[in-house]
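Working notes for the structure below.
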Amino acid sequence: MSDATKTSPSLVIERMLTLELVRVTERAAVAAARLRGQGNEKAADQAAVDAMRRELNSLPIDGTVVIGEGERDEAPMLFIGERLGNGSGPKVDIAVDPLEGTTLCAKDMPGSIAVMAMAEGGTLLAAPDVYMHKIAVGPGYPAGIVHLDATPEENIQAVAKAKGVPTSEITALVLDRPRHTDLIAAIRRTGAGIRLISDGDVAGVIFTSMPEETGVDIYLGIGAAPEGVLAAGALRCIGGQMQGRLILDTQEKRDRAAKMGVTDPDRIYSVDDLCRGDVVVAATGVTDGALLKGVRFGRDVIHTETIVYRSYTGTVRRIQAEHRNLGKFKLG
Ligand code: VTB
Ligand code: MG
Ligand code: MG
Numbered sequence: 019m020s021d022a023t024k025t026s027p028s029l030v031i032e033r034m035l036t037l038e039l040v041r042v043t044e045r046a047a048v049a050a051a052r053l054r055g056q057g058n059e060k061a062a063d064q065a066a067v068d069a070m071r072r073e074l075n076s077l078p079i080d081g082t083v084v085i086g087e088g089e090r091d092e093a094p095m096l097f098i099g100e101r102l103g104n105g106s107g108p109k110v111d112i113a114v115d116p117l118e119g120t121t122l123c124a125k126d127m128p129g130s131i132a133v134m135a136m137a138e139g140g141t142l143l144a145a146p147d148v149y150m151h152k153i154a155v156g157p158g159y160p161a162g163i164v165h166l167d168a169t170p171e172e173n174i175q176a177v178a179k180a181k182g183v184p185t186s187e188i189t190a191l192v193l194d195r196p197r198h199t200d201l202i203a204a205i206r207r208t209g210a211g212i213r214l215i216s217d218g219d220v221a222g223v224i225f226t227s228m229p230e231e232t233g234v235d236i237y238l239g240i241g242a243a244p245e246g247v248l249a250a251g252a253l254r255c256i257g258g259q260m261q262g263r264l265i266l267d268t269q270e271k272r273d274r275a276a277k278m279g280v281t282d283p284d285r286i287y288s289v290d291d292l293c294r295g296d297v298v299v300a301a302t303g304v305t306d307g308a309l310l311k312g313v314r315f316g317r318d319v320i321h322t323e324t325i326v327y328r329s330y331t332g333t334v335r336r337i338q339a340e341h342r343n344l345g346k347f348k349l350g
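Residue numbers (this note's numbering): 19 to 350.
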């Protein structure tokens, strides 16, 4: 029985919208890629935001931004609470990072992407823009194999044991930041390898779901909470385990989180807490990376690569697209 007969009208629409989201991230990626290597993070980010917002507003959705470019008074566009779409169609949550890795784009370094998620209304954690402790592994491990309250050594050893390999054959992905000095030292003590990235832990978490391709078994460390929700959306579609704990180390952050509905500041969120309903996640490469090829500009054609996940069917699609007739469409 096809899922069109098994699901509610909103999910059927979501099924049709899945590929629409590809256009959204494709056009944001192309817009940002036009400024690749120009050393101007803000301009590249703004170009991606403009393109993503324009495309989202053309969709038959009644969308609300739950993860975006900031609070209403901080961000002129794609702010938290902004309504998107033409108002028809399903009520959906929208989470966006139009340019995840602005520095990577501005310096034409590997791994910047345009990424977004669309979920049933009210099912994405409206994460405040604070840091989050994150840990993640891909599918195929026993439930609860890793835990934020275990030490890095315990987590690495658990993954190695489950994989049946020595810890020296495990690779952890960590953001290269001073706040991770102790974490890195602890991982080194296990003999495990560490893949340090300068930015981009949405892709960094997703890497754990494809260790054969990326060589990454586990993600550990502190990154932004909104990026954690986006990554959880992808893991919800492909399996994988993740825990996140918000870092609310000031009263201002606790107040801001409370305003967004966070009642327990110490709560550990699982994938299903971060992303509670059916979700579609799309990401298009801006610069070349281990997850996606970056945008390529030909003489009269633009090449993009997008990965799009749909949780209801567990489908993952990679879409290599060639864009011509540039005069007709404002392609970012
Ligand atoms: C993190 C990470 C993101 O920016 O938020 C990082 O989650 C910023 O970290 O993927 P710092 O505040 O330590 O610079 C990204 O790398 C890109 O948005
Ligand atoms: Mg980001
Ligand atoms: Mg961004």
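For glycine and all other residues, C-beta sits at the position ideal for the given N, C-alpha and C.
query, result
"Coarse secondary structure for residue 44, derived from DSSP in three states", "helix"
"Contact under 7 Å by Cβ, residue 266 with residue 260", "no"
"Start and end residues, beta strand (DSSP E) containing residue 261", "259-264"
"Buried versus exposed call for residue 197 [16 or more other C-beta atoms within 10 Å across all chains shown]", "exposed"
"Range of the contiguous beta strand (DSSP E) that encloses residue 11", "Here the chain has residues from 19 to 350 only, and residue 11 is not among them."
"Identity of the residues DSSP links to residue 133 by a beta bridge", "115, 301"
"Ligand 1 heavy atom lying under 6 Å from the CB of residue 213", "no"
"First through last residue of the beta strand (DSSP E) which encompasses residue 337", "333-341"
"The beta strand (DSSP E) enclosing residue 154, as first and last residue numbers", "149-155"
"Other residues of its chain near residue 364: CB distance less than 6 Å, five sequence neighbours each side excluded", "Because the chain in this structure spans residues 19 to 350, residue 364 falls outside the shown range and cannot be described."
"Those runs of the alpha helix (DSSP H) which lie wholly inside the region 67-97 and span at least 4 residues", "none"
"Same chain only: Cβ atoms within 7 Å of residue 109, ignoring 5 sequence neighbours per side", "80, 139"
"Beta-bridge partners of residue 242, as assigned by DSSP", "149"
"6 Å Cβ shell around residue 106 - same chain, five flanking residues per side excluded", "78"
"CB-CB length for residue 123 against residue 178, believed under 8 Å", "That belief does not hold up - the Cβ atoms of residue 123 and residue 178 are roughly 35 Å apart, past 8 Å."
"Which of helix, strand or coil DSSP assigns to residue 35", "helix"
"Exposure label - residue 161; buried when at least 16 CB within 10 Å", "exposed"
"Identity of the residue in 66, 121, 119 nearest residue 96 by Cα", "66"
"Boundaries of the alpha helix (DSSP H) in which residue 272 is found, first to last residue", "269-277"
"With 16 other Cβ atoms within 10 Å as the buried cut-off, status of residue 269", "exposed"
"Whole-angstrom C-beta distance between residue 327 and residue 299, which should lie under 8 Å", "4 Å"
"Residue closest to residue 127, alpha-carbon to alpha-carbon, out of 88, 321, 335, 313", "313"
"Cα-Cα separation, residue 296 to residue 35", "13 Å"
"N- and C-terminal bounds of the beta strand (DSSP E) containing residue 323", "320-328"
"Alpha-carbon to alpha-carbon, residue 222 and residue 193", "9 Å"
"Residue 115: CB within 6 Å of a non-hydrogen atom of ligand 2", "yes"
"Reduced DSSP secondary structure (H/G/I, E/B, other) of residue 189", "strand"
"Heavy atom of ligand 1 within 6 Å of residue 245 beta-carbon", "yes"
"Buried or exposed (CB count within 10 angstroms, at least 16 for buried), residue 41", "buried"
"Closest by C-alpha distance to residue 71, when choosing among 117, 334, 157, 335", "117"
"Cα-Cα separation, residue 45 to residue 88", "21 Å"
"Exposure label - residue 23; buried when at least 16 CB within 10 Å", "Note that residue 23 has pLDDT 45, beneath the 50 cutoff, so the model's placement of it is unreliable and no number is given."
"Local Cβ density within 10 Å of residue 338, reported as buried at 16 or more and exposed below that", "exposed"
"Local conformation of residue 212 per DSSP, three classes", "strand"
"Residue range of the beta strand (DSSP E) that includes residue 286", "286-288"
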